[in-house]
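This report concerns only the one structure given below.
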Amino acid sequence: MARTIGSLRRTLFAPPLAEVSFARRGFPPLPADSPAAGLQAVPRAVVCGFEWAIEAKGLDDLAPRLELVDVEQRGFAYEGATMACTVLDAMGRRGDRTRTLLQGPGRPHVLLAYIGIGFAMARLPRVLWKKVLPDLPGQPYHPVMSWLAVDGYGFDLAYFHTRRWVKEQRVPAAYPWQGAPEYFPRAVDQGIGRALWFIHGARPERVDAAVRAFAGHRQADLWSGVGLAAAFAGGCDADGFAALRRLAGGHRPELAQGAVFAIRARDLAGHVPAHTALAARALTDLSVPAAVALADDCAVRDEAPGPVPAYERWRGALSARLGPRTHDRT
């Protein structure tokens, strides 16, 4: 019976591996020899992590499987596992799977795990969202960086419902995440920007055209998402990163800010791949250690009431340090 219930939950909440492929989603094809071809491994790792977690008997059963994933993709598997744990917690009477995972082996991947919570939010009714964020005492980035869950929600909307959220550029209804409903659509846009990097196969010109199609006041947040995706997942060479920086124009500080968050997340997880180090130099003019130090120096760790959350004050401080901010969003 437990296996049957697990299979049902897997079917209801996670797409099969074939459904997350770029071809199935209708994204432009990628040449097999393109650096971007490796991007397709990302959604597959997420789905694998979800499937393992949805049927796992417990953390002792789940963690060894996740640790078998290649170190470069492991964080994405933890995203999927966190998504599954969040679904199970939100739908059950007693739910502490997510907290247990993130206070244990998932702790180094907590920033990506927030994104996994957002993937779960995209599949749960809003009435259950109040149950998705676990209490994580002692986590230095909690709850400030939990806005990455809203980013993950936006990514999921754009990746799986591209016509509505990218082509039609719809805006989601506000939600009082961390007491800042006015900021919610902005964090969603950051996730949509991250999805654009995947949807357009890490091709800077196409990504730029996609961002420019949105209203001007949304573009800064979109570029931030692009920078996070490009630096974390890679998909292009040095010339591609240089082109991306040039095309961002006045939004280069936001592009660089997103890249710094990606670099911090990779460093926290204990592995910084070559493409992330390359992106650090190309998009931020910093080495990986310097980018990590800048992220920590600008960190705003205390949440305060008001329409501008600490997360955005952290982002703003980074953007200001990385270059003139000529396109502030109002």
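Just so we're aligned, residue 222 is where the sequence shown starts under our numbering, counting upward by one. The beta-carbon is built from N, C-alpha and C at its ideal position, and this holds for glycine as well. Here the structure is a predicted model, which means the values were calculated and not measured.
Item, Value
"Unbroken alpha helix (DSSP H) run spanning Ser-445, endpoints", "440 to 454"
"Beta-carbon proximity of Ala-531 to Ala-500, cut-off 7 Å", "no"
"Close Cβ partners of Val-267 (< 6 Å) along its chain, the five nearest in sequence each way excluded", "Phe-297, Glu-300, Gly-301"
"Alpha helix (DSSP H) segment containing Gln-360, residue limits", "Taken as a continuous stretch (DSSP letters only), Gln-360 belongs to no alpha helix (DSSP H), as it is neither H nor E."
"Whole-angstrom distance between Leu-465 and Val-432, CA atom to CA atom", "12 Å"
"Residue-chain proximity (Lys-352, chain D), Cβ-Cβ < 7 Å", "The chain labelled as chain D is not found in the depicted structure, where only one protein chain is given."
"Phe-271 beta carbon less than 7 Å from that of Ile-420", "no"
"Backbone secondary structure at Lys-388 - three-state DSSP", "helix"
"Check whether Leu-504 and Phe-453 have beta carbons under 7 Å apart", "no"
"Range covered by the alpha helix (DSSP H) that runs through Leu-515", "509 to 519"
"Burial state of His-496 (16 or more Cβ within 10 Å)", "buried"
"For Asp-517 and Trp-535, the rounded distance between their alpha carbons", "9 Å"
"Exposure label - Glu-240; buried when at least 16 CB within 10 Å", "exposed"
"8 Å CB neighbourhood of Pro-528 in its chain, flanking five on each side removed", "Ala-401, Glu-403, Tyr-404"
"Beta-carbon proximity of Gly-412 to Pro-474, cut-off 7 Å", "no"
"Alpha helix (DSSP H) runs wholly inside the stretch 232 to 303, at least 4 long, in chain order", "243 to 246, 262 to 276, 280 to 289"
"Selected residue, minimal CA-CA separation from Ala-370, among His-438, Phe-340, Glu-389", "Phe-340"
"Buried or exposed (CB count within 10 angstroms, at least 16 for buried), Arg-439", "buried"
"Residue range of the unbroken alpha helix (DSSP H) whose run includes Ser-462", "Note that residue 462 is Phe in the sequence shown, not Ser. Phe-462 -> alpha helix (DSSP H) spans 459 to 469."
"Close Cβ partners of Gly-227 (< 6 Å) along its chain, the five nearest in sequence each way excluded", "With a pLDDT of only 46 at Gly-227, under 50, the local geometry of the prediction cannot be trusted, and the value read off the model is given with reservation. These residues qualify, in order along the chain: Ile-275, Glu-276."
"Test item: CB-CB of Pro-326 and Ala-257 under 7 Å", "no"
"Where Ser-445 falls, given that 16 or more other Cβ within 10 Å makes a residue buried", "buried"
"Segments of 3+ residues assigned as beta strand (DSSP E) that fall wholly inside the stretch 409 to 433", "none"
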